[in-house]
């Protein structure tokens, strides 16, 4: 998984020389205390690095250029301690290409009623200075998150922590490489899209390979690598009897291990952190990758089935955001419905659901696939743990990318599923299946999703804002009429803004 402590958020305070050096020394000291508190907060996953107090247009521009080129900087947290005339910020914000959050706070929680004087008033002008900074950001039409409240409050630190995790995912996306083995599942529309536009707007690049390229890489896998992975399966999962040592299907497990080793080596050598495959193109592979994909996702890789590169990149972003948080994140698909008692969704895929969402120990099993024309694939089988989760999708709707998110509540299956040989999750979508499915379809949401029990909609909304991407939320407050109106309003907004 990604170690987010390798990343930095830069804490930037605005002021000016009008107040004198003594006041600026106080501004610096206050800024250090706030930055340190945010960095040490339980909600903060990255380092918060204090920057010098900004007092001139030249220093602000220099700082923004420095942030752009700093490989570990995910973005800026900006706060105006005093009044910082916002024309100073124009040149810097114009060149800044990393996200920023505007923290609207002040150093003191309460007013010192009995001693307050004009010296205190001039120094503690965040209520004044942050409005000036807010104006210029709005005048420049800059996307940013505004977080208002006292800096020691739990809610403020929680919001900052979410924004920083989303910024980590955005930072990762700017250099993400997605390996696409084979092409799209034939004649499927929603998994297609404009890869050039995706790279221009979202940062990541998609690289196509024939499955034969992967098959060639499998030939270089050693027996030692296979044995090491097979032992790992034996040690960490409940392996079905035919797949155990001495079992009549042990060779299939060894082949699954060969695929995992070869796939890992291919991705590692090419610096890929997301990938796709499709059961319609398995040239040179004995079985569709199952357990290999599941375990790679558990290690933080993004995946999309049937050539779905947008979902592969989204799952990777969600993996980065959720690194170290309780709960798991996986590739998922709304597979089939249970229409009784308000309605449930049975989510699954052919094989590729991440064990990070499993309730209990997964089992390693082998069953026929029924499609793809290859040998029976080895896979991990389990049921997802109960609890709240989100399903998210990114689709290309022509002039823009759209993210749709549905809040869902995972529940135990009503009855055992002894004949369903795949990993699965059962959930109730909010506000109910009828409205959620209607809204999802009206938005053009895909059947593939990124599913997470570690994230809430706020993480994904912050990420979409950084990307300039349309964001649509389906939750307990959604009505079809209001959702349709939101779609219409968004169409007008994005077309007037040329898809940005």
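In the working numbering, the protein residues as written are 6 to 505. Built from N, CA and C at the ideal position, the CB exists for glycine as well. Because the structure is a prediction, the values reported are computed rather than measured.
Check, Outcome
"Classify residue 376 as buried or exposed, calling it buried when 16 or more other Cβ atoms lie within 10 Å of its own Cβ.", "exposed"
"Can you confirm whether the segment 57 to 72 touches the segment 122 to 141 when touching is taken to mean that 3 or more C-beta pairs between the two stretches lie within less than 8 Å?", "no"
"On the three-state DSSP scale, how would you describe residue 327?", "coil"
"Tell me which residue opens and which closes the beta strand (DSSP E) that residue 356 is part of.", "Per DSSP, residue 356 belongs to no beta strand (DSSP E) and is neither H nor E."
"Please determine, among 167, 307, 409, the residue with the shortest C-alpha to C-alpha distance to residue 330.", "167"
"Does the beta-carbon distance from residue 44 to residue 53 come in below 7 Å?", "yes"
"Using the Cβ count rule (16 or more neighbours within 10 Å means buried), how would you classify residue 201?", "exposed"
"Between 450, 455, 253, 316, which has its C-alpha nearest residue 394's C-alpha?", "455"
"Any idea what DSSP makes of residue 62, helix, strand or coil?", "helix"
"Buried or exposed: which applies to residue 408, given that a residue is buried once 16 or more other Cβ atoms fall within 10 Å of its Cβ?", "buried"
"Would you say residue 553 and residue 277 are within 7 Å of each other, going by their C-beta atoms?", "Residue numbering for the chain in the displayed model covers 6 to 505; residue 553 lies beyond these limits and cannot be assessed."
"Within 8 Å, do at least three Cβ pairs link the segment 314 to 327 to the segment 216 to 236?", "no"
"Quick one: is residue 339 buried, meaning 16 or more other Cβ sit within 10 Å of its Cβ, or exposed?", "buried"
"Straight-line CA distance for residue 480 to residue 471?", "22 Å"
"What's the gap between the Cα of residue 321 and the Cα of residue 333?", "12 Å"
"Could you tell me the distance, in whole angstroms, from the CA atom of residue 431 to the CA atom of residue 461?", "18 Å"
"Could you tell me which uninterrupted beta strand (DSSP E) segments, each at least 3 residues in length, are contained entirely in the segment 284 to 345, listed from first to last along the chain?", "307 to 310, 334 to 343"
"If we cut at 7 Å on Cβ distances, does residue 215 have a partner in chain C?", "Of the protein chains in the structure, only one exists, and it is not chain C."
"Pick helix, strand or coil for residue 363, following the three-state DSSP scheme.", "strand"
"Helix, strand or coil for residue 119 per DSSP?", "coil"
"In chain order, what residues of the same chain lie with their CB nearer than 8 Å to the CB of residue 234, ignoring the 5 residues before and after it?", "262, 265, 266"
"Taking all protein chains shown into account, decide if residue 227 is buried (16 or more other Cβ within 10 angstroms of its Cβ) or exposed.", "exposed"
"Which residue wins for smallest C-alpha separation from residue 21, given the options 27, 141, 90, 250?", "90"
"Determine the extent of the beta strand (DSSP E) in which residue 376 is found, giving its start and end residues.", "Run containing residue 376: none; DSSP gives neither H nor E here."
"Below 6 Å CB to CB, which residues in the same chain sit around residue 28 once its five sequence neighbours on both sides are set aside?", "128"
"Kindly indicate which three-state DSSP category residue 5 falls into: helix, strand or coil?", "Since the first and last residues shown for the chain are 6 and 505, residue 5 lies out of range."
"Do residue 46 and residue 162 come within 7 Å of each other at the CB atom, strictly closer than that value?", "yes"
"Secondary structure at residue 48, three-state DSSP: helix, strand or coil?", "coil"
"Kindly indicate which residue of 346, 386, 368, 363 has the alpha-carbon position closest to the one of residue 355.", "386"
"Taking C-beta to C-beta, are residue 415 and residue 389 nearer than 7 Å?", "yes"
"Do you know how far the Cα of residue 473 is from the Cα of residue 107?", "17 Å"
"Where do the ends of the beta strand (DSSP E) carrying residue 391 lie?", "First-last for residue 391: undefined, no H or E at that position."
"Determine which residues share a DSSP beta bridge with residue 385 and list them.", "369"
"According to the neighbour-count rule (16 or more other Cβ atoms, all chains shown, within 10 Å of its Cβ), is residue 326 buried or exposed?", "buried"
"Determine the closest residue to residue 436 out of 351, 484, 35, with distance taken between C-alpha atoms.", "484"
"What is the rounded straight-line gap between the Cα of residue 442 and the Cα of residue 275?", "39 Å"
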